[in-house]
Amino acid sequence: MNKINNFFDSIIKDKNPFVRFFKILIYLFIYLPITIVYIIVNEVAVLPINLIAKFCKIIKSRN
(Lines of atoms letter the chains of each structure in order from A and count residues from 1; the text may use other names and numbers.)
(Lines give C-alpha, C1' and ligand atoms only; values in the text may rest on other atoms or scores of the structure.)
Protein backbone atom coordinates (compact mmCIF):
# COMPACT_ATOMS: atom_id res chain seq x y z
CA MET A 1 0.00 0.00 0.00
CA ASN A 2 2.88 2.33 0.86
CA LYS A 3 4.49 1.77 -2.55
CA ILE A 4 1.27 2.78 -4.30
CA ASN A 5 0.98 5.94 -2.17
CA ASN A 6 4.59 6.87 -2.97
CA PHE A 7 3.84 6.21 -6.64
CA PHE A 8 0.88 8.62 -6.54
CA ASP A 9 2.97 11.25 -4.75
CA SER A 10 5.59 11.00 -7.51
CA ILE A 11 2.86 11.41 -10.18
CA ILE A 12 1.55 14.53 -8.47
CA LYS A 13 5.02 16.04 -7.95
CA ASP A 14 6.21 15.42 -11.53
CA LYS A 15 6.41 18.64 -13.53
CA ASN A 16 6.94 16.86 -16.85
CA PRO A 17 3.52 16.02 -18.39
CA PHE A 18 4.96 13.14 -20.47
CA VAL A 19 6.49 11.45 -17.43
CA ARG A 20 3.22 11.92 -15.57
CA PHE A 21 1.27 10.43 -18.50
CA PHE A 22 3.54 7.37 -18.69
CA LYS A 23 3.32 6.81 -14.94
CA ILE A 24 -0.48 6.89 -15.15
CA LEU A 25 -0.33 4.39 -18.05
CA ILE A 26 1.98 2.14 -16.02
CA TYR A 27 -0.48 2.35 -13.13
CA LEU A 28 -3.46 1.48 -15.36
CA PHE A 29 -1.80 -1.48 -17.06
CA ILE A 30 0.26 -2.95 -14.19
CA TYR A 31 -0.95 -1.91 -10.74
CA LEU A 32 -4.69 -1.93 -11.44
CA PRO A 33 -4.95 -5.41 -13.04
CA ILE A 34 -2.77 -6.92 -10.31
CA THR A 35 -4.97 -5.32 -7.65
CA ILE A 36 -8.19 -6.49 -9.36
CA VAL A 37 -6.86 -10.05 -9.82
CA TYR A 38 -5.70 -10.12 -6.18
CA ILE A 39 -9.15 -9.04 -4.94
CA ILE A 40 -10.96 -11.52 -7.24
CA VAL A 41 -8.67 -14.41 -6.21
CA ASN A 42 -9.17 -13.61 -2.52
CA GLU A 43 -12.96 -13.35 -2.84
CA VAL A 44 -13.35 -16.38 -5.11
CA ALA A 45 -10.92 -18.52 -3.10
CA VAL A 46 -12.67 -17.70 0.19
CA LEU A 47 -16.23 -18.34 -1.06
CA PRO A 48 -15.92 -22.04 -2.05
CA ILE A 49 -14.01 -22.82 1.15
CA ASN A 50 -16.85 -21.30 3.21
CA LEU A 51 -19.46 -23.16 1.16
CA ILE A 52 -17.62 -26.49 1.56
CA ALA A 53 -17.27 -25.88 5.31
CA LYS A 54 -21.01 -25.13 5.64
CA PHE A 55 -21.87 -28.19 3.54
CA CYS A 56 -19.66 -30.42 5.73
CA LYS A 57 -21.33 -29.04 8.88
CA ILE A 58 -24.78 -29.78 7.41
CA ILE A 59 -23.74 -33.36 6.56
CA LYS A 60 -22.23 -33.91 10.03
CA SER A 61 -25.29 -32.49 11.79
CA ARG A 62 -27.58 -34.90 9.88
CA ASN A 63 -25.54 -37.98 10.84
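Under the numbering used here, the first residue of the sequence shown is numbered -1, with each subsequent residue one higher.
All C-beta atoms, glycine included, are put in the ideal place defined by N, C-alpha and C.
Residue i to residue j span [Cα, whole Å]
{"i": "N4", "j": "V39", "result": "25 Å"}
{"i": "I50", "j": "E41", "result": "15 Å"}
{"i": "N48", "j": "I32", "result": "24 Å"}
{"i": "L45", "j": "P15", "result": "43 Å"}
{"i": "D52", "j": "Y29", "result": "Note on identity: in this sequence residue 52 is Lys, with Asp being the wrong assignment. Distance between the alpha carbons of K52 and Y29 is about 35 Å."}
{"i": "F27", "j": "I37", "result": "16 Å"}
{"i": "K55", "j": "R18", "result": "54 Å"}
Residue i and residue j closer than 8 Å at C-beta
{"i": "I10", "j": "I22", "result": "no"}
Under the three-state DSSP convention, the category residue i falls into
{"i": "D12", "result": "coil"}
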